[in-house]
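One structure is given below, encoded as structure tokens.
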Amino acid sequence: MAVAIAVTRERREGETRCAATPETVKKLIALGAAVSVEAGTGLGSSIPDTDYADAGASVKPDLSAVLAGADVLLKVRGPTASEISALKPGAVVISLLDAWRDKATVEALRGAQATAFAMEFVPRITRAQVMDVLSSQANLAGYRAVIEAAYAYGKGFPMMMTAAGTVAAAKTFVMGAGVAGLQAIATARRLGAVVTATDVRPAAKEQVESLGAKFVAVEDEEFKAAETVGGYAKAMSAEYQAKQADLTAAHIVKQDVVITTALIPGRPAPKLVTAAHVASMKPGSVIIDLAVEAGGNVEGSRPNEVVTTANGVKIVGWTNLPGRIAADASALYARNLVAFLGLMIKDGALTVDLEEEILKAAVVTHGGAVVHEGVRG
Numbered sequence: 081m082a083v084a085i086a087v088t089r090e091r092r093e094g095e096t097r098c099a100a101t102p103e104t105v106k107k108l109i110a111l112g113a114a115v116s117v118e119a120g121t122g123l124g125s126s127i128p129d130t131d132y133a134d135a136g137a138s139v140k141p142d143l144s145a146v147l148a149g150a151d152v153l154l155k156v157r158g159p160t161a162s163e164i165s166a167l168k169p170g171a172v173v174i175s176l177l178d179a180w181r182d183k184a185t186v187e188a189l190r191g192a193q194a195t196a197f198a199m200e201f202v203p204r205i206t207r208a209q210v211m212d213v214l215s216s217q218a219n220l221a222g223y224r225a226v227i228e229a230a231y232a233y234g235k236g237f238p239m240m241m242t243a244a245g246t247v248a249a250a251k252t253f254v255m256g257a258g259v260a261g262l263q264a265i266a267t268a269r270r271l272g273a274v275v276t277a278t279d280v281r282p283a284a285k286e287q288v289e290s291l292g293a294k295f296v297a298v299e300d301e302e303f304k305a306a307e308t309v310g311g312y313a314k315a316m317s318a319e320y321q322a323k324q325a326d327l328t329a330a331h332i333v334k335q336d337v338v339i340t341t342a343l344i345p346g347r348p349a350p351k352l353v354t355a356a357h358v359a360s361m362k363p364g365s366v367i368i369d370l371a372v373e374a375g376g377n378v379e380g381s382r383p384n385e386v387v388t389t390a391n392g393v394k395i396v397g398w399t400n401l402p403g404r405i406a407a408d409a410s411a412l413y414a415r416n417l418v419a420f421l422g423l424m425i426k427d428g429a430l431t432v433d434l435e436e437e438i439l440k441a442a443v444v445t446h447g448g449a450v451v452h453e454g455v456r457g
């Protein structure tokens with residue numbers, strides 16, 4: 081029998097993305113799967129049910145119908161209690177589990193005997209690039225951050241020379257030059273801003289400068305060793321943070337737009353912008369905090385709010401920025417899932433080999449146990 085794959089609509093508040101598109105439904109069927117999609121799954125991404133049906137999926141009216149007998153459940157966010165309770169024992173669940181923080185969902189999946197994979201744990205190795213959802217979604221988040229900044233900022237981004245005089249270009253400072261930060265730099269440059277950027281990883285300097293931005297950082301010996309084997313930023317010493325804070329304070333006071341993107345896996349987001357930094361900025365300046373969902377890089381940022389400070393600075397704390405460009409975010413995420421499923425579906429049969437390098441890194445629960453060492457600890 082064909083592998084039964086279920087795709088349910090997202091039930092977490094504010095989630096507009098979906099885990100399959102008509103394009104990926106066709107690819108899943110080509111792998112040897114039968115795909116069931118819950119009615120309304122794609123509406124947040126402008127995909128009507130008829131498009132799924134035309135691609136070969138069975139569109140089911142409700143949760144129980146779509147999950148009946150499902151071997152695999154595909155989600156964007158972790159499944160809810162009602163979804164988990166409807167799973168058959170041993171079903172495979174693949175989603176962005178937020179496994180470091182959402183312990184309740186992990187425990188429910190363990191109790192349901194599910195084999196659950198967290199797409200955020202896919203290792204950043206060459207052959208897993210096509211499955212790297214953190215990169216695909218961060219790319220769009222970085223782009224959207226600049227669009228949100230341009231919307232909130234009361235002036236133009238590019239320099240404009242007119243008969244009535246010259247409009248100065250916006251000065252934009254991007255803090256954190258990972259995937260999201262680099263895309264933010266590129267987008268701000270396209271809009272004509274004067275862009276500077278900072279990061280604690282030495283490799284970021286060349287990447288930032290290749291995009292036409294100026295790199296700003298304390299480049300001492302600690303800085304030269306501030307990157308993990310996996311390419312993530314290390315937590316820096318208090319001494320380095322103090323030196324970087326002094327440099328940041330002198331730089332940030334001149335900026336019109338600040339975009340913060342710094343995240344450390346499994347830990348709260350580092351505070352990069354203090355209340356004193358914010359107080360030093362000009363009225364009308366804008367700060368976009370991409371890390372607000374993990375505690376925030378900016379003192380005073382609040383999830384899903386625009387905070388206007390006493391000195392007229394707007395701190396924008398939208399969560400799920402990829403969901404604000406849902407059609408593209410869903411398309412990329414769904415392709416990541418197809419590539420990941422290709423590791424498990426061979427010749428039309430589902431085979432979960434937890435010794436396979438990528439699967440081993442991403443699995444969280446299996447056989448009634450939490451098997452991911454980091455999450456278990």
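Residues in the sequence shown are numbered consecutively from 81, following my numbering.
Glycine included, every Cβ here is placed at the ideal spot set by N, Cα and C.
Note down, in chain order, each residue of its chain lying with its Cβ closer than 6 Å to the Cβ of residue i, except the 5 sequence neighbours on either side.
i, result
"residue 412", "216"
"residue 267", "223 and 226"
"residue 192", "164 and 167"
"residue 169", "193"
Residues in the same chain with beta-carbon distance under 8 Å from residue i, minus the five sequence neighbours each way, listed in chain order, please.
i, result
"residue 230", "237 and 271"
"residue 401", "220, 221, 224, 225, 228 and 370"
"residue 136", "105, 106, 109 and 115"
"residue 389", "358, 359, 380 and 395"
Go ahead and pull the three-state DSSP assignment for residue i.
i, result
"residue 237", "coil"
"residue 220", "helix"
"residue 94", "coil"
"residue 451", "coil"
"residue 426", "strand"
"residue 438", "helix"
"residue 255", "strand"
"residue 104", "helix"
"residue 188", "helix"
"residue 214", "helix"
"residue 183", "helix"
"residue 164", "helix"
"residue 23", "The requested residue 23 is not part of the displayed model; the chain covers only 81 to 457."
"residue 317", "coil"
"residue 459", "No statement about residue 459 is possible, as the shown extent of the chain runs from 81 to 457 and does not include it."
"residue 334", "coil"
"residue 403", "helix"
"residue 226", "helix"
"residue 176", "strand"
"residue 245", "strand"
"residue 418", "helix"
Taking Cβ to Cβ, would you say residue i is nearer than 8 Å to residue j?
i, j, result
"residue 376", "residue 387", "no"
"residue 465", "residue 425", "Because the chain here runs from 81 to 457, residue 465 falls outside it and cannot be looked at."
"residue 378", "residue 353", "yes"
"residue 414", "residue 101", "yes"
"residue 264", "residue 279", "no"
"residue 329", "residue 260", "no"
"residue 331", "residue 276", "yes"
"residue 252", "residue 274", "yes"
"residue 406", "residue 121", "no"
"residue 152", "residue 198", "no"
"residue 299", "residue 320", "no"
"residue 367", "residue 395", "yes"
"residue 287", "residue 327", "no"
"residue 196", "residue 202", "no"
"residue 119", "residue 134", "no"
"residue 410", "residue 138", "no"
CB-CB under 7 Å to residue i, same chain, minus the five flanking residues each way: which ones, in chain order?
i, result
"residue 450", "186, 190, 444 and 456"
"residue 434", "440, 443 and 446"
"residue 256", "279, 340, 341 and 342"
"residue 383", "372, 373, 397 and 399"
"residue 325", "none"
Nearest-angstrom Cα distance between residue i and residue j?
i, j, result
"residue 432", "residue 350", "37 Å"
"residue 346", "residue 454", "8 Å"
"residue 173", "residue 88", "11 Å"
"residue 84", "residue 127", "21 Å"
"residue 316", "residue 163", "41 Å"
"residue 293", "residue 284", "11 Å"
"residue 235", "residue 246", "13 Å"
"residue 397", "residue 429", "44 Å"
"residue 171", "residue 81", "15 Å"
"residue 157", "residue 211", "16 Å"
"residue 372", "residue 289", "27 Å"
"residue 123", "residue 99", "12 Å"
"residue 393", "residue 360", "10 Å"
"residue 194", "residue 150", "12 Å"
"residue 418", "residue 91", "22 Å"
"residue 385", "residue 436", "42 Å"
"residue 175", "residue 232", "32 Å"
"residue 249", "residue 333", "16 Å"
Quick one: is the Cβ of residue i within less than 7 Å of any heavy atom of the ligand PLP?
i, result
"residue 405", "Ligands displayed in this structure: none; no statement on the ligand PLP is therefore possible."
Q: Could you tell me which uninterrupted beta strand (DSSP E) segments, each at least 3 residues in length, are contained entirely in the segment 107 to 155, listed from first to last along the chain?
A: Listed in chain order, they are 113 to 118 and 138 to 140.
Q) At what residue ranges does the segment 347 to 385 contain a whole run of the beta strand (DSSP E), taking only runs of 3 or more? A) List check, beta strand (DSSP E) in window: 366 to 369.
Q) Could you give the uninterrupted runs of the alpha helix (DSSP H) lying entirely in the segment 266 to 308, keeping only those of 4 residues or more? A) The segment 266 to 308 contains these whole alpha helix (DSSP H) runs: 283 to 290 and 301 to 304.
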